[in-house]
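A short worksheet on the structure shown next.
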């Protein structure tokens with residue numbers, strides 16, 4: 223009997239040791255990546271772990287009750303830019319999910335760009351709209367004006383509270399030109415917000431909405447085009463875009479899912495370019511929408 227008790231005790235110890243070791247091993251294998259966070263209220267900068275999950279590959283758009291969604295036309299051309307009618311930007315997604323960015327830098331300079339809602343209080347944009355080493359690093363202030371569509375200019379703006387940027391981008395890797403930030407109010411529950419997906423093919427019909435700098439200030443414009451060529455972290459597209467449209471959503475109009483973030487003109491490949499929604503960016507969007 224004594225031998226049996228000792229045997230059971232040994233087996234119990236071995237079993238518990240194996241289980242604990244197995245759990246620890248399983249947990250240690252959880253894939254994570256790091257982003258940098260700036261808290262605008264305190265100025266504190268820290269690094270944050272973002273877990274990698276399968277669910278991040280695709281997410282649905284949110285359309286508030288009583289609102290509808292308008293699909294893009296099946297038109298592709300060299301210049302399809304059109305002014306968004308105020309009745310559409312006031313009442314319909316995807317236009318209500320886009321907003322103007324007013325970015326103030328540490329040297330006092332002000333930039334204008336575009337951002338888009340992807341969660342209740344979550345906005346995505348280009349990384350260079352929140353961080354610029356030549357202007358002192360992180361912006362000192364970012365204001366988001368949802369569904370703004372001139373000509374009166376900014377009215378109800380929402381100030382960024384926290385911003386998250388790719389560590390690789392901050393170290394000079396321009397392939398990770400993206401950022402997200404939060405505001406202190408769940409405005410997405412009123413305006414609606416985009417979904418996203420991590421797949422796109424050359425030839426796919428796409429659309430974008432933003433605030434082109436060559437048009438009257440504060441006016442919302444949209445255009446159509448196609449995905450032209452896939453690169454490792456981005457894709458080239460035929461959308462007609464200019465300054466101040468950095469950060470605009472590049473999405474498939476049939477499902478309002480963003481496939482990329484417009485970042486500017488690729489001088490080497492002589493075409494407009496968007497950062498792909500994939501990998502770390504997709505997981506960052508998922509993490510912040512569900513935080």
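In my numbering, the protein residues as written are 223 to 513. Here a beta-carbon is modelled for each residue, glycine too, at the ideal position from N, C-alpha and C. All values derive from a computational prediction rather than experimental measurement.
Beta-carbon proximity list for residue i, same chain, < 7 Å, skipping 5 on both sides
{"i": "residue 506", "result": "257, 272, 386, 402"}
{"i": "residue 451", "result": "424, 457, 458"}
{"i": "residue 317", "result": "306, 310, 311, 369, 431, 442"}
{"i": "residue 478", "result": "283, 291, 315, 316, 416, 417"}
{"i": "residue 392", "result": "258, 353"}
{"i": "residue 413", "result": "318, 319, 339, 368, 369"}
Whole-number beta carbon distance between residue j and residue i, since they are thought to touch under 8 Å
{"i": "residue 430", "j": "residue 388", "result": "Not confirmed; about 21 Å, so no contact."}
{"i": "residue 464", "j": "residue 436", "result": "5 Å"}
{"i": "residue 398", "j": "residue 455", "result": "7 Å"}
First and last residue of the uninterrupted alpha helix (DSSP H) at residue i
{"i": "residue 504", "result": "501-511"}
{"i": "residue 261", "result": "No alpha helix (DSSP H) contains residue 261, which is instead part of the beta strand (DSSP E) from 254-261."}
{"i": "residue 411", "result": "410-413"}
Neighbourhood of residue i by C-beta distance below 6 Å, restricted to the same chain and skipping five residues each side
{"i": "residue 493", "result": "458"}
{"i": "residue 333", "result": "325"}
Residue i, DSSP secondary structure in three states
{"i": "residue 346", "result": "strand"}
{"i": "residue 297", "result": "For residue 297, the predicted structure reports a pLDDT of 29, less than 50, and the residue's modelled location is therefore unreliable. A value from the coordinates is still provided. Three-state DSSP puts residue 297 in coil, outside helix and strand."}
{"i": "residue 306", "result": "coil"}
{"i": "residue 314", "result": "strand"}
{"i": "residue 392", "result": "helix"}
{"i": "residue 454", "result": "coil"}
{"i": "residue 281", "result": "strand"}
{"i": "residue 356", "result": "helix"}
{"i": "residue 378", "result": "coil"}
{"i": "residue 337", "result": "strand"}
{"i": "residue 398", "result": "helix"}
{"i": "residue 435", "result": "coil"}
{"i": "residue 319", "result": "helix"}
8 Å Cβ shell around residue i - same chain, five flanking residues per side excluded
{"i": "residue 329", "result": "357, 358"}
{"i": "residue 542", "result": "As displayed, the chain neither begins before 223 nor continues past 513, which places residue 542 out of reach and without an answer."}
Residue range of the unbroken beta strand (DSSP E) whose run includes residue i
{"i": "residue 327", "result": "Where residue 327 is concerned, there is no enclosing beta strand (DSSP E), given that its DSSP letter is neither H nor E."}
{"i": "residue 490", "result": "Premise fails: residue 490 is in no beta strand (DSSP E) and is neither H nor E."}
{"i": "residue 430", "result": "427-432"}
{"i": "residue 422", "result": "No beta strand (DSSP E) holds residue 422; DSSP gives it neither H nor E."}
{"i": "residue 441", "result": "Where residue 441 is concerned, there is no enclosing beta strand (DSSP E), given that its DSSP letter is neither H nor E."}
{"i": "residue 366", "result": "363-368"}
{"i": "residue 271", "result": "267-273"}
Suppose only complete runs of 3+ residues qualify. What are the beta strand (DSSP E) ranges in the stretch 456-482, listed by chain order?
Complete beta strand (DSSP E) runs here, min 3: 456-459, 471-474.
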